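J.: Which chain is which? The protein sequence lines are G and S, in order.
If you're matching positions, the first sequence starts at 72 in the numbering used here and goes up one per residue.
If you're matching positions, the second sequence starts at 72 in the numbering used here and goes up one per residue.
All C-beta atoms, glycine included, are put in the ideal place defined by N, C-alpha and C.
Here the structure is a predicted model, which means the values were calculated and not measured.
Structure incoming, see below.
Number of protein chains: 2
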Amino acid sequence: MKTRIAILGYGNLGRGVEAAIAQNDDLELAAVFTRRDPASLKLHTPGVPAVSASELAAWKDRVDVLILCGGSATDLPVQTPLCASMFNVVDSYDTHKKIPQHFAAVDAAAKAAGTVGLISCGWDPGLFSLARVYAGAVLPQGKDETFWGRGVSQGHSDAIRRIEGVVDAREYTVPVQAAVDAVRRGEQPELTVRDKHLRECYVVAAEGADKARIEREIKTMPYYFDEYDTSVSFISAEELARDHAGLPHGGSVLRGGVTGFDREHKQTIEFSLKLDSNPEFTGSVLAACARAVHRLQQAGQSGCKTILDLPPALLSPLSPEELRAHCL
Amino acid sequence: MKTRIAILGYGNLGRGVEAAIAQNDDLELAAVFTRRDPASLKLHTPGVPAVSASELAAWKDRVDVLILCGGSATDLPVQTPLCASMFNVVDSYDTHKKIPQHFAAVDAAAKAAGTVGLISCGWDPGLFSLARVYAGAVLPQGKDETFWGRGVSQGHSDAIRRIEGVVDAREYTVPVQAAVDAVRRGEQPELTVRDKHLRECYVVAAEGADKARIEREIKTMPYYFDEYDTSVSFISAEELARDHAGLPHGGSVLRGGVTGFDREHKQTIEFSLKLDSNPEFTGSVLAACARAVHRLQQAGQSGCKTILDLPPALLSPLSPEELRAHCL
């Protein structure tokens, strides 16, 4: 019997989850829920209904796991606890600082309902968190660094778009290669924010806009850009559409540590991703996690979990016997 | 209260475990067991007794987890099930093909005794197995490749030493960079054994030995060398001691996959290790796993486990709350 998955929110991430489900024989898409007019959605999977989010409760017994594909700023803090009172849920909540309070809200709702809620499980937070925890446990005397990119940051692109005179924009976060290399060599360097990443901005300005002002406003924008070396290139709308339509991303978690009675041996652990499509990859992680969540609930568990609580074998379609014989 | 760990077998790996325990505040070394004369052991940790392996049973209540540091060929198949009848145990059994039968033997002993036995948890099998399982679950339409090295293979070095006229030898397994790069680019190439690794041998020959014959015997040795491009360099005992005393190792697990409704996006996941000391790193993994095993047994579990069954959080000295706040 397949695990019946529903999606709430049909943007880039929702479509990424839909594509991932199609790649897994033991998963099937039951429905896509939306706050828009369901008739406006064109799903890719044949025979699957688009349903108004207002009808969620009626699907309680037809869905094993609901994957929430809304945003972390305003959607998920409300949706995940609410939906956890009806469904097993999975989200990719990524406001790192507020994870403990999101966890508490989902935990209360899920425990009351006897469901499992898995939060913050994309790639960062998610697979990168796993890399940090495993590496930290194995090399307690060490230091880890996370590098992001080269990839499109939606948050930074949005921040540029809010500047007066900007029609559209794309921001790439770019790791500084010299910093990556130093960490990779196990040197454990002290790195500032500026040492680690560059910000590369491609901006379409409105006719007659003051480009010097736009560039200045970008480069001095607090938190987003002021602590970084930032480059700004003005391009046409056509160039943006032609050269910057994709959503690539990636990055690395590196931990350099020392072992031995005299700490005489350097050891380096690296976990890296190189992604042509950030939302499709994140969707693929969420789909594998939905499998694990369903199995956890079937084993009698409830409450909020993170990927750090999931036995890795639960994410795999293979049986424990197959995993031991072929993957161990 | 610290987790009390004992070590059985005081070779390179046993010393690596001892060094790892000294780096973890919540772990302490209770004893080192040996089949040699205990008086011949010089332990590094002050105040810890070296004890004859024949006295193991008497330590049942003074040890929380026993880490087995013997070899996979003959020691562990006997020792791990036997010790699991008295202790929670951890081993790094690495004969991949025989893991299912080793699992069954340890599972029976551990279930009967109410202990937890964690097998095959170094870095391969171990951390590399984790990388294969996570990457396979996230990218079902893909292919993974494991590369080992550059590093010293003890098994291959031993095989050379058994050839007549060889005094000592060191073999390095070396990944072929072009193959690594192709996999890293997501090309999913078909690779033969020869395409993936080279074997580099440094040999000290006995006075007057027939070097041409030794070289021929190495290069044609079935399984160990015949399927590889192998280089043989004859060096002096002094050069071997000076240039090849260390036990570095490492390697990579790479998975290239595709996502999207038309499989149009390449995604690459990489997990890599660069190790100055293989036994100290393996010992560090075993120590973190011992922490997890103790917690599992305290939570009421028993039987044989692998690292694929362990929630990652159990390996970390940090609490679940700390992990969510700082690592997720």
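Output needed for Ala128(G): all residues of its chain with C-beta closer than 8 Å, excluding positions within five of it in sequence on either side, in chain order.
T.: These residues qualify, in order along the chain: Met157.
J.: Cβ of Thr377(G) less than 9 Å from any chain S Cβ?
T.: Thr377(G) counts as touching chain S.
J.: Check each candidate in Ala253(S), Thr186(S), Arg221(S), Ala276(S) and name the one with the smallest Cα separation from Gly236(S).
T.: When only C-alpha atoms are compared, the closest one is Ala276(S).
J.: Beta-carbon of Lys345(G) versus every beta-carbon of chain S: anything under 9 Å?
T.: By this cut-off, Lys345(G) is an interface position.
J.: Taking C-beta pairs closer than 8 Å, name the residues in chain G that Gln248(S) reaches, listed in chain order.
T.: Ordered by position in chain G, no residue passes the 8 Å Cβ test against Gln248(S), which lies about 16 Å from the chain.
J.: Give the interface partners of Arg107(S) over in chain G, defined as CB-CB distance under 7 Å, in chain order.
T.: What Arg107(S) touches in chain G: nothing, since even the nearest Cβ is about 21 Å away.
J.: For Arg203(G), would you say it is in contact with chain S, using Cβ-to-Cβ distances shorter than 9 Å as the test?
T.: Yes, because at least one Cβ of chain S sits closer than 9 Å to the Cβ of Arg203(G).
J.: Would you be able to state if there are at least three C-beta pairs under 8 Å between the stretch 335–352 of chain G and the stretch 338–356 of chain S?
T.: With a cut-off of 8 Å, the stretch 335–352 of chain G and the stretch 338–356 of chain S count as touching, because enough Cβ pairs lie within range.
J.: Quick check on Glu341(S): does DSSP put it in helix, strand or coil?
T.: In the structure shown, Glu341(S) sits in a strand (DSSP, three-state: E or B).
J.: For Thr263(G), count neighbouring C-beta atoms within 10 Å of its own C-beta (all shown protein chains included) and say buried if the count is 16 or more, exposed if not.
T.: Flag for Thr263(G) reads exposed.
J.: So His320(G) is in the beta strand (DSSP E); what residue range does that whole segment cover?
T.: Taken as a continuous stretch (DSSP letters only), the beta strand (DSSP E) holding His320(G) covers 320–330.
J.: Kindly list the residues whose CB is nearer than 7 Å to the CB of Lys73(G), restricted to its own chain and excluding five residues on each side of it in sequence; keep chain order.
T.: Once the five neighbours on either side are set aside, the close Cβ partners of Lys73(G) are Asp97, Leu98, Glu99.
J.: Glu216(G) and Ser228(G): beta carbons closer than 9 Å?
T.: Against a cut-off of 9 Å, the Cβ pair of Ser228(G) and Glu216(G) comes out as no contact.
J.: So which residues of chain S does Cys398(G) contact, with C-beta pairs closer than 8 Å?
T.: The contacting residues are Ser200, Arg203, Val204, Gly207, Leu379.
J.: Report the partner residues of Arg313(G) according to the DSSP bridge assignment.
T.: Bridge partners of Arg313(G): none, in fact.
J.: Residues in its own chain within less than 7 Å of Cys375(S) by CB, not counting five upstream and five downstream?
T.: Cβ neighbours of Cys375(S) beyond the five flanking positions: Phe174, Val177, Asp178, Ala181, Gly188, Ile190.
J.: What residues in the stretch 320–343 of chain G have a beta carbon less than 7 Å from any beta carbon of chain S?
T.: So the close ones are Thr330, Gly331, Phe332, His336, Lys337, Gln338, Thr339, Ile340, Glu341, Phe342, Ser343.
J.: Can you tell me where the beta strand (DSSP E) holding Asp239(G) begins and where it ends?
T.: From DSSP, the beta strand (DSSP E) with Asp239(G) extends over 237–246.
J.: Output the distance between the C-alpha atoms of Cys192(G) and Leu311(S), rounded to the nearest integer angstrom.
T.: Roughly 49 Å separates the two Cα atoms.
J.: Candidates Glu278(S), Asp281(S), Tyr295(S): which alpha carbon is nearest Leu269(S)'s?
T.: The shortest Cα separation from Leu269(S) among Glu278(S), Asp281(S), Tyr295(S) belongs to Tyr295(S).
J.: Does any residue of chain S bring its CB to less than 9 Å from the CB of Val160(G)?
T.: Val160(G) does not count as touching chain S.
J.: Relative to chain G, which residues along the stretch 223–240 of chain S have a C-beta separation below 7 Å, given in chain order?
T.: Correct list: empty, as no residue qualifies.
J.: In whole angstroms, what is the alpha-carbon distance linking Val160(S) and Ile78(G)?
T.: Going from the Cα of Val160(S) to the Cα of Ile78(G) covers about 43 Å.
J.: Would the beta-carbon of Ser302(S) fall within 9 Å of that of Glu278(S)?
T.: No.
J.: CA-CA distance, Phe199(G) and Leu139(G)?
T.: Answer to the nearest angstrom: the Cα atoms are 20 Å apart.
J.: Tell me which residues share the same chain as Ala155(G) and place their Cβ nearer than 6 Å to its Cβ, disregarding the 5 neighbours each side in the sequence.
T.: Closer than 6 Å at Cβ, skipping near neighbours: Val177, Ala180, Ala181, Thr186, Gly188.
J.: Per DSSP, what kind of secondary structure is Asp215(G) in: helix, strand or coil?
T.: Asp215(G): strand per DSSP, three-state reduction.
J.: Which residues mark the beginning and the end of the beta strand (DSSP E) in which Asn159(S) is found?
T.: That run of the beta strand (DSSP E) goes 159–161.
J.: Does the separation of the CB atoms of Gly321(S) and Leu346(S) fall below 9 Å?
T.: Yes, Cβ-Cβ distance for Gly321(S) and Leu346(S) is below 9 Å.
J.: Under 9 Å between C-beta atoms, does Ile170(G) make it to chain S?
T.: Yes, because at least one Cβ of chain S sits closer than 9 Å to the Cβ of Ile170(G).
J.: Under 8 Å, with one C-beta from each stretch per pair, do the stretch 355–365 of chain S and the stretch 207–225 of chain G reach the 3-pair mark?
T.: Short answer: they touch.
J.: Can you find the residues in the same chain that come closer than 6 Å, C-beta to C-beta, to Val251(S), ignoring five residues on each side of it along the sequence?
T.: The residues are Phe218.
J.: Check the DSSP bridge columns for Cys375(S) and list the partner residues they point to.
T.: Looking at the DSSP assignment, Cys375(S) forms a beta bridge with Gly188(S).
J.: If I'm right that Phe305(S) touches Lys282(S) with Cβ under 8 Å, what's the distance once you round it to whole angstroms?
T.: Right, the Cβ-Cβ distance comes to about 6 Å (below 8 Å), so this counts as a contact.
J.: Can you give me the start and stop residues for the alpha helix (DSSP H) that Glu271(G) sits inside?
T.: Not the alpha helix (DSSP H): Glu271(G) falls in the beta strand (DSSP E), residues 268–276.
J.: What residue from Arg366(S), Pro196(S), Tyr299(S) has the CA that sits closest to Thr244(S)'s CA?
T.: Looking at the Cα atoms, Tyr299(S) is the closest of the given residues.
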